[in-house]
Amino acid sequence: MKFGIFVFGDNHPDLGRSNQKFYQEVLTIGEWAEELGFDSFWLGEHHFYWYGTCVSPPMVIAALAQRTKKIRLGPAVSVLPFHHPLIVAEEYAMADNLSGGRLNFAIGSGFSPVEYKLFGMSMEEARERYWEGFDVILKAWTQDEFSHRGKYYQIEDGSLFMKPLQRPLPPVWIAASSDETLARAGEMGFSIMGIPFVRSANIDEVKQKNELFLQSYRRAGHKQAPEIIVALHVYLHPSEEAAVESARPHFQRIVDYLTKYRRPGAKTPDFDTIRKERLAVFANPEQACAIFREYEKTGVSHVICMINFGGVPIPDVRRTLELMSKQVFPEFK
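Going by numbering that gives the first Met the number 0, the first residue of the sequence shown is number 0, and it counts up by one from there.
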């Protein structure tokens, strides 16, 4: 089992914390993650609101590449419909070179109607733009010269000088929740990632989704084992009661945002239900190990921990990281 850190980039205005200070905290957390033995560090991409102040993951990856030496770095996810795919291909290829070949590349189509509206785009086009953009990126990274004639992008005699250091591709994950996307990712031979509390009712449902993906992956004849990632909100404390009560107000900020800005018809997360169903980890280290073991049994091989959600104070973040390193990692590594 691998463990990583996932910074979503939420900086609630009630906290009175400038974006400059928030970014410094993010970079500090990245340094701590390497110091304490985490395998990966990921950044969400969001726009316009406090929920997503990390508007350009490649910029943060480039900064962290200069402050770290081993930890792998990536977006979770690059929201492909928002960008021309050749820009995405170049920026992340550059990030891979700057980091010495440490890029993990994860892609998604986003979920916020507000972001699509302000970009002047229709969410009905998101899926088509997403897959077509990904096709362009793969061509740009793997072919010396390429052309593309699609619905949204037309490229004649294209060539990308800036290619990833990792050849032929950096490791790729596809954010997947629908059966269609899970099956398609498996057929293509890429790994998947997901956030259980927004796509599953319980761990059994996580297992069902992973099995659907793995069936498609194996049916397509892929031999190398994929790496299934789940992203979990994690707040650890030696006392379970303290962990639960300390995490609650910070997670509630996330719930309030998702309730207001998510797609119509999307379910509203509930703190107590999510905790009961182990879709988040607000616990002591022993309980955390038990929950991670449950995910491991579903086929998950990499957990990325959202540890600074909703304004969790930086000393609390450090405590969670240290408890993970000292009391959780030895049980899995």
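All C-beta atoms in this analysis are idealised placements derived from N, C-alpha and C, irrespective of residue type, glycine included.
In this structure, the CA atom of residue 249 is about 10 Å from the CA atom of residue 270. Membership of residue 271 in any beta strand (DSSP E) is not indicated; the residue belongs instead to the alpha helix (DSSP H) covering 270–275. In the pairwise beta carbon analysis, the stretch 194–201 is classified as touching the stretch 218–231: at least three pairs are separated by under 8 Å.
For residue 280, the uninterrupted beta strand (DSSP E) run begins and ends at 280–282, by DSSP.
Just so you know, the alpha carbons of residue 324 and residue 148 end up roughly 49 Å apart. Secondary structure remark: continuous alpha helix (DSSP H) runs of at least 4 residues inside the stretch 64–130, in chain order: 84–97, 112–117.
Residue 242 carries a helical assignment under DSSP once its states are collapsed to helix, strand and coil. Residue state for residue 42 is assigned as strand, using DSSP reduced to three classes. Judged by their CB atoms, residue 87 and residue 44 are not nearer to each other than the 8 Å cut-off. By the neighbour-count definition (other C-beta atoms within 10 Å, threshold 16), residue 297 is a buried residue. In terms of Cα proximity to residue 253, the closest of 2, 185, 116, 10 is 10. Per DSSP, the unbroken beta strand (DSSP E) holding residue 3 starts and ends at 1–6. Contact between residue 5 and residue 304 is confirmed by a C-beta separation of about 6 Å, below the 8 Å threshold. For residue 272, the number of other beta carbons within 10 angstroms of its own is below 16, and it is reported as exposed. For the options 54, 319, 137, the alpha carbon positioned closest to that of residue 238 is the one of 319. Assignment of residue 305 by DSSP, reduced to helix, strand and coil, places it in the strand class. Residue 37 sits in coil when the DSSP states are folded into three classes, being neither helix nor strand.
DSSP places residue 249 in the helix class (H, G or I) of the three-state scheme. Between residue 235 and residue 284, the CB-CB gap stays under 8 Å. A direct Cα-to-Cα measurement between residue 314 and residue 299 gives close to 29 Å. The alpha-carbon separation between residue 144 and residue 83 amounts to approximately 18 Å.
In this structure the stretch 120–133 does not touch the stretch 64–74; the number of beta carbon pairs closer than 8 Å is below three.
Under the DSSP definition of a beta bridge, residue 192 partners with 174, 228. When secondary structure is reduced to three states using DSSP, residue 155 falls in the strand class.
Sequence-distant Cβ neighbours of residue 181 in its own chain, meaning closer than 8 Å and more than five residues away, are 175, 191, 208, 211, 212, 215.
For residue 212, there is no enclosing beta strand (DSSP E); the enclosing alpha helix (DSSP H) covers residues 202–218.
Counting along the chain, the unbroken beta strand (DSSP E) around residue 148 starts and ends at 145–148. Residue 128 sits close to residue 151, with the two beta carbons spaced by under 8 Å.
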